[in-house]
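Colleague:
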Amino acid sequence: MIGRRLRFAAYNLLVWSVVLAIAFPLMWMTSTALKPNAETFAVPPTLLPVHPTLEHFVRLIRETPFLVYMANSALVGLMTTALVIVVAIAGAYGLVRFRFPGREAVAHLVLFTYLLPAVVLLLPLYLTVSAMGLANSLFGLVIAYTTFCLPFSLWLLRSFLAGIPIDLEEAAMTDGANRFRAFIDVVLPQALPGIISTALFSFILSWNEYLYALVFINVDDRKTLPPGVLTMLNQNQNVEWALLMAASVLMTVPVLVFFSFLQRHLTRGFGAGAVKG
Amino acid sequence: MTGIRISGLSKVFSDGTVGLSDFSLDIEDREFVTFLGPSGCGKTTTLRMIAGLEHPTSGTIHFGSRRVDQLTPRERNVAMVFQSYALYPHMTVRQNLEYPLRKRGIPSEQRAAKIAEIAGILRIEKLLGRRPSQLSGGQQQRVALGRAMVRDCDVLLLDEPLSNLDAELRAHMRAELIQLHGALGRTMVYVTHDQLEAMTMSTRIAVLNQGRLQQVATPDEVYRAPVNRFVASFVGSPAMNFLDGHLDLQGGIIRFRAPALSVTLPASRASELRTSSTGQVVAGIRSEDVLLGTGDDKASVRVVERSGHEALVWLDAGGSRVVVRTSADSPVRAGEVIPFAVRPNRVHVFASDTGTRLVGPC
Numbered sequence: 016m017i018g019r020r021l022r023f024a025a026y027n028l029l030v031w032s033v034v035l036a037i038a039f040p041l042m043w044m045t046s047t048a049l050k051p052n053a054e055t056f057a058v059p060p061t062l063l064p065v066h067p068t069l070e071h072f073v074r075l076i077r078e079t080p081f082l083v084y085m086a087n088s089a090l091v092g093l094m095t096t097a098l099v100i101v102v103a104i105a106g107a108y109g110l111v112r113f114r115f116p117g118r119e120a121v122a123h124l125v126l127f128t129y130l131l132p133a134v135v136l137l138l139p140l141y142l143t144v145s146a147m148g149l150a151n152s153l154f155g156l157v158i159a160y161t162t163f164c165l166p167f168s169l170w171l172l173r174s175f176l177a178g179i180p181i182d183l184e185e186a187a188m189t190d191g192a193n194r195f196r197a198f199i200d201v202v203l204p205q206a207l208p209g210i211i212s213t214a215l216f217s218f219i220l221s222w223n224e225y226l227y228a229l230v231f232i233n234v235d236d237r238k239t240l241p242p243g244v245l246t247m248l249n250q251n252q253n254v255e256w257a258l259l260m261a262a263s264v265l266m267t268v269p270v271l272v273f274f275s276f277l278q279r280h281l282t283r284g285f286g287a288g289a290v291k292g
Numbered sequence: 135m136t137g138i139r140i141s142g143l144s145k146v147f148s149d150g151t152v153g154l155s156d157f158s159l160d161i162e163d164r165e166f167v168t169f170l171g172p173s174g175c176g177k178t179t180t181l182r183m184i185a186g187l188e189h190p191t192s193g194t195i196h197f198g199s200r201r202v203d204q205l206t207p208r209e210r211n212v213a214m215v216f217q218s219y220a221l222y223p224h225m226t227v228r229q230n231l232e233y234p235l236r237k238r239g240i241p242s243e244q245r246a247a248k249i250a251e252i253a254g255i256l257r258i259e260k261l262l263g264r265r266p267s268q269l270s271g272g273q274q275q276r277v278a279l280g281r282a283m284v285r286d287c288d289v290l291l292l293d294e295p296l297s298n299l300d301a302e303l304r305a306h307m308r309a310e311l312i313q314l315h316g317a318l319g320r321t322m323v324y325v326t327h328d329q330l331e332a333m334t335m336s337t338r339i340a341v342l343n344q345g346r347l348q349q350v351a352t353p354d355e356v357y358r359a360p361v362n363r364f365v366a367s368f369v370g371s372p373a374m375n376f377l378d379g380h381l382d383l384q385g386g387i388i389r390f391r392a393p394a395l396s397v398t399l400p401a402s403r404a405s406e407l408r409t410s411s412t413g414q415v416v417a418g419i420r421s422e423d424v425l426l427g428t429g430d431d432k433a434s435v436r437v438v439e440r441s442g443h444e445a446l447v448w449l450d451a452g453g454s455r456v457v458v459r460t461s462a463d464s465p466v467r468a469g470e471v472i473p474f475a476v477r478p479n480r481v482h483v484f485a486s487d488t489g490t491r492l493v494g495p496c
């Protein structure tokens with residue numbers, strides 16, 4: 016009886032310490048964003064703001080190009096996500112359903128891209144993109160991000176599609192659909208959890224990406240959030256911590272919203288028994 | 135009016151395995167033909183080629199006068215019931231039934247009427263709002279049938295549709311399928327490895343083995359006069375008894391001799407027999423064609439299986455196992471040595487090497 020209680024307590028202690036370790040920086044970030052400047056460096060530090068204020072958020076939105084960066088980031092994120100999904104699902108479908116020589120090799124080679132550190136690819140990709148006339152263009156970033164996201168997405172969707180019985184498509188085809196219709200009507204709804212995982216992955220990656228965004232874009236009103244915010248707040252050698260924290264909070268919110276909205280769909284579809292046998 | 139004419143159909147898969155070789159068959163309009171055979175015999179491959187899900191390596195398929203072997207499934211106007219049912223999991227039963235009608239551009243009022251009619255026939259009206267995952271196996275089976283029946287297809291194809299059901303439900307669905315075939319008046323092609331399903335439902339059975347068509351005949355004929363040892367062994371339960379022995383042909387009298395059995399075959403059979411086919415042969419005898427308690431040969435009783443309405447007696451006849459079907463009140467007991475005889479006119483004789491029939495029953 017006591018042993019069981021002890022184990023329960025120990026288990027909870029462990030779980031909560033992990034949760035706290037992960038959540039504390041986020042709490043500290045939020046807390047600092049809400050503190051007036053005088054309180055930011057107060058000794059001893061206050062855990063929660065004594066005089067909470069929204070002044071940093073107001074400044075950020077009124078006096079800085081933060082919203083422009085955010086719009087750019089959103090645009091790049093959504094475009095990357097859309098492009099990745101379309102290309103990855105078509106590619107994954109090809110790898111799963113069509114037999115051609117070297118099919119397995121292609122599927123495995125795709126992951127080889129991740130052996131190269133992103134820095135190594137930075138220059139070649141930049142030269143390629145600027146040769147395409149897309150330097151300083153958000154679409155150049157979209158292309159670069161797509162090349163990062165595609166291999167993993169392809170791999171993820173391939174395993175998802177492989178789990179969808181071919182019977183369903185064949186049934187749709189005998190029911191009068193052509194292959195494309197069967198794909199849209201039957202395969203896509205079944206692959207939805209995989210598509211959503213891919214979407215989250217792609218969006219978060221391009222939302223947070225710093226290095227490429229810094230190198231590719233040199234025009235201020237086309238910058239995305241990570242380089243935009245950092246250069247903006249780093250200009251005078253002194254970091255405006257409160258403002259930076261406010262920006263971080265605002266950058267986190269869309270991801271959280273995106274995630275919490277899609278997460279519910281993530282597991283849906285797993286439960287439905289497609290095929291008996 | 136759609137018959138199916140298949141000629142010279144062959145399928146060689148990309149890895150070189152032969153799925154089907156030189157298969158020809160005419161299926162008449164409104165016929166219920168069953169492809170029967172063990173797994174890997176090519177029956178499903180053939181069905182899939184009829185459906186248009188698999189491309190033949192050579193040969194042609196006609197529906198009526200229309201050549202279809204290069205057409206897509208949609209253009210062929212076939213409907214198919216899959217072994218896995220393949221119900222669309224994200225759609226309700228109603229949407230599943232509606233899907234083929236939608237794809238054919240049938241207006242919504244007609245769709246609703248058609249769905250109501252089919253749901254009535256299959257007694258699934260109350261399930262229309264549910265999703266496949268909320269249905270039992272038998273209910274899913276009905277919906278799968280409904281989805282295939284709901285539109286006016288030329289040919290209805292069924293790929294082992296009952297194999298996922300339990301025994302009781304399977305017996306029930308067999309009877310329903312027979313009724314449905316009568317009511318729908320469609321050409322139906324049915325694939326199974328279950329000889330009982332083939333025997334009970336079909337107008338004709340096509341028996342396949344290793345990619346080759348063995349025999350096409352009515353269920354009665356396949357049972358009564360199998361053309362080779364494979365067909366003889368595959369059809370019937372319990373399986374036919376096979377005894378190794380040899381044929382003597384002397385003065386117009388044929389005798390089959392085995393260590394524990396000797397039968398004089400009817401004189402009328404002698405003419406079928408070429409002299410070259412004497413020698414080593416295999417005799418095939420159905421369990422109901424062995425008589426206990428009479429005759430010159432003796433065998434010991436190993437096991438008696440009584441199932442209420444009949445009894446199966448397992449004999450050891452000179453080292454060969456012989457299963458005998460007899461009446462439930464037979465007094466035979468395990469351990470006894472009893473006389474037995476076979477009905478001479480019901481003996482099948484097959485060549486021991488090729489398995490082809492040398493002497494048939496009369």
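Residue numbers (our numbering), protein chains in the order written: chain A, 16 to 292; chain D, 135 to 496.
Every residue gets a Cβ at the ideal spot worked out from N, C-alpha and C, and that includes glycine.
Helix or strand or just coil, what does DSSP make of N233 of chain A?
Modeller: Three-state result, N233 of chain A: coil.
Colleague: For P87 of chain D, which residues in chain A fall below 7 Å Cβ to Cβ?
Modeller: What is shown of chain D runs 135 to 496, which leaves residue 87 of chain D out entirely.
Colleague: Along the segment 176-208 of chain A, what residues have a CB closer than 8 Å to any CB found in chain D?
Modeller: From the segment 176-208 of chain A, only P180, D182, L183, E185, A186, A187, M188, T189, D190, G191, A192, N193, R196, D200, V201, P204 and Q205 have a Cβ closer than 8 Å to chain D.
Colleague: Using DSSP bridges, identify the partner residues of L425 of chain D.
Modeller: For L425 of chain D, which the question treats as bridged, DSSP gives the partners D:A475.
Colleague: Could you check what DSSP says for N230 of chain D in three-state terms: helix, strand or coil?
Modeller: DSSP places N230 of chain D in helix when its eight states are reduced to three.
Colleague: Please list the residues of the segment 224-251 of chain D that have a C-beta atom closer than 7 Å to any C-beta atom in chain A, keeping them in chain order.
Modeller: If the cut-off is 7 Å between Cβ atoms, the segment 224-251 of chain D has H224, Y233, P234, K237 and R238 near chain A.
Colleague: Is S441 of chain D helix, strand or coil when you go by DSSP?
Modeller: DSSP places S441 of chain D in coil when its eight states are reduced to three.
Colleague: Any beta carbon of chain D sitting closer than 9 Å to that of K291 of chain A?
Modeller: Model confidence at K291 of chain A stands at a pLDDT of 36, short of 50, so the residue's coordinates are unreliable and nothing is read from them.
Colleague: Would you say M214 of chain D lies against chain A (beta-carbon separation less than 9 Å)?
Modeller: Cβ-Cβ to chain A under 9 Å: yes for M214 of chain D.
Colleague: In chain order, what residues of the same chain have a beta carbon less than 6 Å from the beta carbon of G413 of chain D, not counting five sequence neighbours either side?
Modeller: Closer than 6 Å at the Cβ level, and outside the excluded window around G413 of chain D, lie H380.
Colleague: Mark Q329 of chain D as exposed unless 16 or more other C-beta atoms lie within 10 angstroms of its C-beta, in which case mark it buried.
Modeller: Label assigned to Q329 of chain D: buried.
Colleague: Return helix, strand or coil for S141 of chain D, following the three-state DSSP convention.
Modeller: Residue state, collapsed to three classes: strand.
Colleague: Could you tell me whether the Cβ of R114 of chain A comes closer than 9 Å to any Cβ of chain D?
Modeller: It does; some Cβ of chain D falls within 9 Å.
Colleague: Hey, out of D:G453, D:V458 and D:V289, whose CA is closest to V215 of chain D's CA?
Modeller: Closest by alpha carbon: D:V289.
Colleague: What is the DSSP secondary structure of A351 of chain D, reduced to helix, strand or coil?
Modeller: Correct three-state label for A351 of chain D: strand.
Colleague: Go ahead and label A103 of chain A buried or exposed: buried means 16 or more other beta carbons lie within 10 angstroms of its beta carbon, across all protein chains shown.
Modeller: The residue in question, A103 of chain A, is buried, as its Cβ has 16 or more Cβ neighbours within 10 Å.
Colleague: Quick check: the segment 478-496 of chain D against the segment 437-450 of chain D, are at least 3 beta-carbon pairs closer than 8 Å?
Modeller: Flag = no, the segment 437-450 of chain D and the segment 478-496 of chain D do not touch.
Colleague: Output yes if chain A places a C-beta closer than 9 Å to the C-beta of Q349 of chain D; else output no.
Modeller: No, Q349 of chain D does not count as interfacial toward chain A.
Colleague: Nearest-angstrom Cα distance between H224 of chain D and M283 of chain D?
Modeller: If I take the Cα positions, the gap works out to 21 Å.
Colleague: Provide the residue(s) that pair with H482 of chain D in DSSP beta bridges, ordered along the chain.
Modeller: D:G418.
Colleague: Taking the alpha helix (DSSP H) that T178 of chain D belongs to, which residues open and close that run?
Modeller: Unbroken alpha helix (DSSP H) run through T178 of chain D: K177 to A185.
Colleague: Against chain A, with Cβ distances strictly below 9 Å, would A485 of chain D count as a contact?
Modeller: Taking Cβ atoms only, chain A never reaches closer than 9 Å to A485 of chain D, which makes this a no.
Colleague: Can you tell me which of the three DSSP states L277 of chain A falls into?
Modeller: The answer is helix: DSSP assigns L277 of chain A an H, G or I state.
Colleague: Grouping DSSP H, G and I as helix and E and B as strand, with all else coil, what is C496 of chain D?
Modeller: The answer is coil: DSSP assigns C496 of chain D none of H, G, I, E or B.
Colleague: Compute the beta-carbon to beta-carbon distance between P295 of chain D and Q217 of chain D, rounded to the nearest angstrom, for a pair I have assumed lies under 8 Å.
Modeller: That pair is a contact at about 7 Å.
Colleague: To which residues of the same chain is D163 of chain D closer than 7 Å at the C-beta, ignoring the five residues directly before and after it?
Modeller: Hits under 7 Å: M135, T136, G137 and T321.
Colleague: Please classify P207 of chain D: is it buried, with 16 or more other beta-carbons within 10 angstroms of its beta-carbon, or exposed?
Modeller: So P207 of chain D counts as buried.
Colleague: Pull the bridge partners of F115 of chain A from the DSSP assignment, please.
Modeller: The partner list for F115 of chain A (beta bridge, DSSP) is empty, contrary to what the question assumes.
Colleague: How far does the beta strand (DSSP E) with Q384 of chain D in it extend, from its first residue to its last?
Modeller: From DSSP, the beta strand (DSSP E) with Q384 of chain D extends over N375 to Q384.
Colleague: DSSP three-state label for D328 of chain D, please.
Modeller: D328 of chain D falls in the coil class under three-state DSSP.
Colleague: Excluding the five sequence neighbours on either side, which residues of its own chain have a C-beta within less than 6 Å of the C-beta of D160 of chain D, listed in chain order?
Modeller: These residues qualify, in order along the chain: R139.
Colleague: Is it buried or exposed, I9 of chain A, if we count other Cβ atoms within 10 angstroms and call 16 or more buried?
Modeller: Limits of chain A in this structure are 16 at one end and 292 at the other, which puts residue 9 of chain A out of reach.
Colleague: Would you check if the distance between the CB atom of A417 of chain D and the CB atom of L446 of chain D is smaller than 9 Å?
Modeller: No. Outside cutoff.
Colleague: Identify, in the order they occur along the chain, each residue of the same chain with its Cβ nearer than 8 Å to the Cβ of R237 of chain A, setting aside the five sequence neighbours on each side.
Modeller: Only N87, N151, S152 and L153 meet the Cβ criterion.
Colleague: Beta carbon of E255 of chain D, beta carbon of L231 of chain D: below 9 Å?
Modeller: Checking the sequence, you will find Ile at residue 255 of chain D rather than Glu. Cβ atoms of I255 of chain D and L231 of chain D: not closer than 9 Å.
Colleague: Who does N362 of chain D pair with in a DSSP beta bridge?
Modeller: Per DSSP, D:T490.
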